[in-house]
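Have a look at the structure below before the remarks.
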Amino acid sequence: MATHPTQYAHPEALVETDWLEKHLNDDGIRIIESNEDILLYDTGHIPGALHIDWRADLQDPVIRDYISPEKFARLCSRHGIAPETTCIFYGDKANWWACYALWAFRLFGHEKVKILNGGRDKWKAEHRPMTREVPKYPETNYPVPKKRFDKEIRAFFDEALAQSKGGKPLIDVRSPGEYKGEITHMPEYPQEGVLRGGHIPGAKSMPWKNATNDDATFKPANELAKIYLDQCGVNPGTDTIVYCRIGERSSHTWFVLTYLLGLDNVRNYDGSWTEWGNKVGAPIAKSA
Amino acid sequence: MGQQSWRTDRKERVICSVIRSKFSFSMYPTKLNKIINLFETLPEDERRETLVSYADNAKKQEPRESEKFELVDVRKDEDCTDTVGVYLHVDENGKAHIRMTLGPEVQTLTRSMTAILCKGLEGSTPEEILDLPSDFVTRIVGTELVRIRSQTIYYVLTRIKSICKVYLDRQRVAQVA
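Top to bottom, those sequences are chains C and H.
Just so you know, we're using my numbering here: the first sequence kicks off at 1 and counts up by one.
Just so you know, we're using my numbering here: the second sequence kicks off at 289 and counts up by one.
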């Protein structure tokens, strides 16, 4: 039996609510809220927090892809973010979209990124300060990133297919019903147009929620290791691809594997089931 | 220059909206029509603020202790992230009065639509509500906020229409009997 870590590989990638409340006005940090609920930020947010909309700010409006490096530089400059700024992400839904935004920032090579452990719900549950005041920071001149790190942390259809055919680790982080093909969307969500239900052949089911406690904080390192290394068979030396339906829940798992367990070579297949389930010629599996 | 252009643009939108409301036949109940016209004059940031303001007031649409209802439909289904309750009272003049309860996980836009519809449809007949076209929803919410998972913005209207349909079906059955 392998010995499991007792500490996160990168504990500095998390900040606790208590710490953040004491450092709201620190120089060199930007707090960034990213949610599924489009208007949630407008109803109140952590003082000084910026809003980054996963769709309007991070995605290209015409092509299904992320914004260009030029647009990313403009986004950061507009929000007073410099390459050396530490971006602390948080949001609703146990930080799904916060992890997604963090992953997108990493795509452009922004290195100083952290997640608020427990996200928006924990902050609110602890009755910490909220405001409706939208902050304005002095503009910066964020340099245009020289490249996007697609190869390093993002998987495309062909790569997911090769992973499937090669029998390498693929983790499906959706709900069991989606994995089995009984439903094509999250429980309690409206149908969103995927032709077929099921999963990528060879993918193991490990719903994202297994990585969190009831208060949306992340489980301890040894528990995470049991889940992903023992149960999912993820091998630190092998490439791993995670996916869900559109890439937000799998960003959460990508964060866990990359920052909390310290695995290299983990990629998020953001095309996920909305691409795979609709793709002509893509094989699916429906086993339990 | 930019500010002037914005003002002119907004003025035009206000005038168009007033003309539309005064001179064109409206297929919407008067109260709802006023809300639609208001939203159509708002620039995006004010539209968001107004939607949030309606969402803040959604709790005021909950049933009060003394109120009695002909029909109550409280359920959690797959089209919404939490339980939504619809309460219908139809008065002696055949006018509908709707109250709603929302679970804590219901999204902000759904809260906004709850307050808007409860106010906008107040005093309409169940028949008028059932015949209401849904195209006004995007005129209120705006294209910026209609996107993936946008079905949730139609959910409240669907639930209100559903309870009105049950009410009318029961009335018809009672009349035949």
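Glycine included, C-beta positions come from ideal geometry on N, C-alpha and C.
Beta-carbon contacts of residue i that lie in its chain and below 8 Å, excluding the five residues immediately before and after
| i | result |
| --- | --- |
| Pro138(C) | Gly80 |
| Asp379(H) | His385 |
| Glu159(C) | Ile241, Arg267, Tyr269 |
| Gly277(C) | Thr184, Val194, Leu195, Arg196, Gly197, Gly198, Ile284 |
| Gly44(C) | Met130, Thr131, Arg132 |
| Asp37(C) | Asp92 |
| Val134(C) | His51 |
| Met206(C) | Ile171, Asp172, Val173, Ile227, Tyr228, Gln231, Cys232, Thr253 |
Backbone CA spacing between residue i and residue j [nearest angstrom]
| i | j | result |
| --- | --- | --- |
| Gln163(C) | Leu326(H) | 53 Å |
| Phe149(C) | Ala346(H) | 44 Å |
| Thr329(H) | Leu261(C) | 51 Å |
| Asn117(C) | Leu224(C) | 15 Å |
| Gly247(C) | Ala82(C) | 26 Å |
| Arg120(C) | Ala98(C) | 10 Å |
| Pro5(C) | Arg174(C) | 26 Å |
| Ser250(C) | Lys124(C) | 25 Å |
| Asp18(C) | Lys322(H) | 46 Å |
| Ile52(C) | Lys165(C) | 37 Å |
| Val62(C) | Gly109(C) | 23 Å |
| Lys219(C) | Lys453(H) | 48 Å |
| Leu376(H) | Gly430(H) | 28 Å |
| Glu334(H) | Arg78(C) | 21 Å |
| Gly382(H) | Lys348(H) | 23 Å |
| Gln231(C) | Glu275(C) | 27 Å |
| Leu14(C) | Leu397(H) | 30 Å |
| Gln7(C) | Arg128(C) | 27 Å |
| Ser312(H) | Pro414(H) | Unreliable placement is indicated for Ser312(H), whose pLDDT of 45 sits below 50; no coordinate value is reported for it. |
| Val394(H) | Leu40(C) | 11 Å |
| Thr318(H) | Arg460(H) | 27 Å |
| Ala465(H) | Arg458(H) | 10 Å |
| Phe157(C) | Ala282(C) | 9 Å |
| Asp60(C) | Ala104(C) | 12 Å |
| Glu12(C) | Leu24(C) | 17 Å |
| Leu102(C) | Lys147(C) | 17 Å |
| His10(C) | Thr3(C) | 18 Å |
| Arg64(C) | Lys71(C) | 15 Å |
| Leu161(C) | Lys279(C) | 12 Å |
| Ser34(C) | Cys76(C) | 15 Å |
| Asn265(C) | Asp239(C) | 5 Å |
Where the beta strand (DSSP E) through residue i begins and ends
| i | result |
| --- | --- |
| Arg363(H) | 359 to 363 |
| Glu33(C) | 29 to 33 |
| Thr86(C) | 86 to 90 |
| Leu376(H) | 372 to 378 |
The alpha helix (DSSP H) enclosing residue i, as first and last residue numbers
| i | result |
| --- | --- |
| Met401(H) | 396 to 408 |
| Leu224(C) | 221 to 225 |
| Ala384(H) | Here Ala384(H) belongs to no alpha helix (DSSP H); instead the beta strand (DSSP E) covers 384 to 390. |
| Tyr100(C) | 96 to 107 |
| Ile67(C) | Segment: none, Ile67(C) is in no alpha helix (DSSP H) and carries neither H nor E. |
| Leu339(H) | 332 to 344 |
| Glu21(C) | 17 to 22 |
| Asn235(C) | Careful: Asn235(C) lies outside any alpha helix (DSSP H) and carries neither H nor E. |
| Asn25(C) | Unbroken run through Asn25(C): none, as it is neither H nor E. |
| Thr369(H) | No alpha helix (DSSP H) holds Thr369(H); DSSP gives it neither H nor E. |
| Phe327(H) | 318 to 329 |
| Arg427(H) | 424 to 429 |
| Ile200(C) | Looking at the DSSP string, Ile200(C) is not in any alpha helix (DSSP H), and its letter there is neither H nor E. |
| Ile417(H) | 414 to 418 |
Cβ-based neighbour list, residue i, same chain, cut-off 7 Å, excluding 5 preceding and 5 following
| i | result |
| --- | --- |
| Val374(H) | Asp361, Ile386, Met388, Arg447, Ile448, Ile451 |
| Tyr442(H) | Ser422, Val425 |
| Arg106(C) | Val113, Phe149, Ile153 |
| Ala216(C) | Ala94, Asn95, Gly118, Gly119, Asp121, Lys122 |
| Glu432(H) | Glu332 |
| Ala49(C) | Ile31, Ile32, Glu33 |
Cutoff 6 Å; reference residue i; Cβ partners in own chain excluding five residues on either side
| i | result |
| --- | --- |
| Ala73(C) | Tyr142, Val144 |
| Trp96(C) | Glu248, Arg249, His252 |
| Ala203(C) | Leu170, Asp172 |
| Tyr100(C) | Trp54, Glu248, Ser251 |
| Gly391(H) | Asp370, Thr371 |
| Ser400(H) | Leu339, Tyr342, Ala343 |
| Cys244(C) | Val173, Arg174, Ser250, Ser272 |
9 Å Cβ cutoff, residue i in contact with chain A
| i | result |
| --- | --- |
| Ser422(H) | Protein chains C and H are contained in the structure displayed, whereas chain A is not. |
Proximity test, residue i beta-carbon vs the ligand NAD heavy atom, cut-off 8 Å
| i | result |
| --- | --- |
| Gly166(C) | By its list of ligands, the structure shown contains no ligand whatsoever, and the ligand NAD lies outside what it can speak to. |
Complete beta strand (DSSP E) runs within the region 114 to 176 of chain C (minimum length 3 residues, chain order): Runs of the beta strand (DSSP E) inside the region 114 to 176 of chain C: 170 to 172.
Any 3 or more C-beta pairs closer than 8 Å across the region 400 to 413 of chain H and the region 332 to 347 of chain H: Judged by pairs of C-beta atoms under 8 Å, the region 400 to 413 of chain H touches the region 332 to 347 of chain H, as three or more such pairs exist.
Runs of beta strand (DSSP E) lying entirely within the region 239 to 280 of chain C, each at least 3 residues, in chain order: Uninterrupted beta strand (DSSP E) stretches at least 3 residues long and entirely within the region 239 to 280 of chain C occur at 240 to 243, 266 to 269, given in chain order.
Sufficient close CB pairs (3 or more, under 8 Å) joining the region 20 to 40 of chain C to the region 84 to 94 of chain C: Touching, yes, given that three or more Cβ pairs across the two stretches are closer than 8 Å.
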